[in-house]
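Trainee: Before we start, here is the structure in question, set down as structure tokens.
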Amino acid sequence: MGAYILRRILLMIPTLFGIMVVNFALIQFVPGGPIEQILSQLEEQTSATDRIAGGGSEVGGGNDSEYQGGKGLPEDFIKELEVQFGFDKPPVERFFLMMTNYLRFDFGESYFRSISVIDLIAEKLPVSITLGLWATLIAYIISIPLGIRKAVSDGSRFDTWTSGVIIMAYSIPSFLFAIMLLVFFAGGSYYKLFPLRGLTSEGFADLSTFAQIKDYLWHITLPVLAITIGSFATLTLLTKNSFLDEIKKQYVITAQAKGLSSGRVFYGHVFRNAMLIVVAGFPGAFIGVFFGASLIIEVVFSLDGLGRLGFEAAVNRDYPVLFASLYVFGILGLVVHLITDLTYTLVDPRIDFESRNT
């Protein structure tokens, strides 16, 4: 097992490097970099000042400048911005300098915030982890009993109508369901039962411990529900199919023929084997929720997590935050995939990855 873990860790290095190379190369072709945005804002401020003064003339315009909105500004000022942001160096040199710093987990500082990127990520990470953990736990709590019940009563009326509900839940995009929750239950048009944004209320620190727990649960109800709606559907069907596959295997028929009770066969043999894929998939399910839903849900509910941070960094062209978030997400994803494989061996010692070529 030690050799397998070492091979997987060594494989993470070129994989992560490839992820960063592809995304860094794509960014080079996206117009509207951080310098362009700063120059555009300066030009807008200048134009607004001229209009207020009664000039009514537009400063800048045209395409004869290297940067949109850069016309009319001193070239020395633009050069200073390039040096400040590191754009005076070739892209290849900038990339390898960035990766050298990232190996030391030195992500630099945000272009537009007076804070280091590592502090910014550490500040936002707990929000995303909280949503991911709660959504994954609730999905497992609902899906495993429901999936088992559907497998045991396969083809019954209960199985039919629950399948319809599950398919309907799976077909609803999480962002659309989140908006529906806001409209109906957060004061959008009908009821104001839950808060519109944030994870805590004002004055949260002054509340008692019980009141803090109550306030926290009150705030996370809608976002967690919006995230869970899709993942619980997938997990329920996975659980059902896993149990159905085990129930139909020869060893179950043999155990029943020997006179073992249905309960002993089910919980003594079927349950352990069928739960292998479900339990071992917990890390992957968490990271899927963490990656897939955090961006949309955090933006809709105005939650200050990594998803929203990455979205704002992409919009504002805050490259240090954008690439650092990508780097952290990439490491988390690769590590969780390794943990998922190791979980299989813990749940079922018969699985041996040492015999596989990876």
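Read in order, the letters of the sequence shown are residues 1103 to 1460 in the numbering used here.
All C-beta atoms in this analysis are idealised placements derived from N, C-alpha and C, irrespective of residue type, glycine included.
Since we're looking at a predicted model, the values are computed, not measured.
In three-state DSSP terms, what is K1191?
Mentor: It is coil, neither helix nor strand.
Trainee: Do V1423 and L1222 have their C-beta atoms closer together than 8 Å?
Mentor: Yes, Cβ-Cβ distance for V1423 and L1222 is below 8 Å.
Trainee: In chain order, what residues of the same chain lie with their CB nearer than 6 Å to the CB of L1440, ignoring the 5 residues before and after it?
Mentor: So the qualifying residues of the chain are R1110.
Trainee: Thinking C-alpha only, which one of D1308, L1405 and F1425 is nearest E1211?
Mentor: The shortest Cα separation from E1211 among D1308, L1405 and F1425 belongs to F1425.
Trainee: Whole angstroms are fine: how far does the CA of K1226 sit from the CA of Y1292?
Mentor: Roughly 31 Å between the two C-alpha positions.
Trainee: Threshold first: 4 residues or longer. Then list the alpha helix (DSSP H) segments lying entirely within the segment 1395-1424, N to C.
Mentor: As far as the segment 1395-1424 is concerned, its whole alpha helix (DSSP H) runs of at least 4 residues are 1396-1402 and 1408-1418.
Trainee: Taking only the alpha-carbon atoms, compute the straight-line gap between G1257 and A1280 and give it to the nearest angstrom.
Mentor: Approximately 32 Å, taken between the alpha carbons.
Trainee: Taking 8 Å as the threshold (C-beta atoms), are A1335 and Y1272 in contact?
Mentor: The answer is yes: Cβ separation under 8 Å.
Trainee: Using a threshold of 8 Å, state whether the C-beta atoms of F1384 and V1401 are closer than that.
Mentor: No, they are not a contact pair.
Trainee: Between I1246 and T1330, is the Cβ-Cβ spacing less than 8 Å?
Mentor: It is not a contact, given that the beta carbons lie outside the stated cut-off.
Trainee: Could you tell me the alpha carbon to alpha carbon distance between I1231 and L1301, rounded to whole angstroms?
Mentor: Going by the C-alpha atoms only, they are around 13 Å apart.
Trainee: With a 10 Å radius around its C-beta and 16 neighbouring C-beta atoms as the bar for buried, classify T1445 as buried or exposed.
Mentor: The residue in question, T1445, is buried, as its Cβ has 16 or more Cβ neighbours within 10 Å.
Trainee: Determine the burial state of G1163: buried for a count of at least 16 other Cβ atoms within 10 Å of its Cβ, exposed for fewer.
Mentor: Caution applies to G1163, whose pLDDT of 41 falls short of 50 and renders its modelled position unreliable; the value that the coordinates give is listed next. Exposed: under 16 other Cβ atoms inside 10 Å.
Trainee: Hey, which unbroken runs of the alpha helix (DSSP H) at 4 residues or more fall wholly within the segment 1292-1351?
Mentor: Entirely contained in the segment 1292-1351, the alpha helix (DSSP H) runs reaching 4 residues are, in chain order, 1311-1349.
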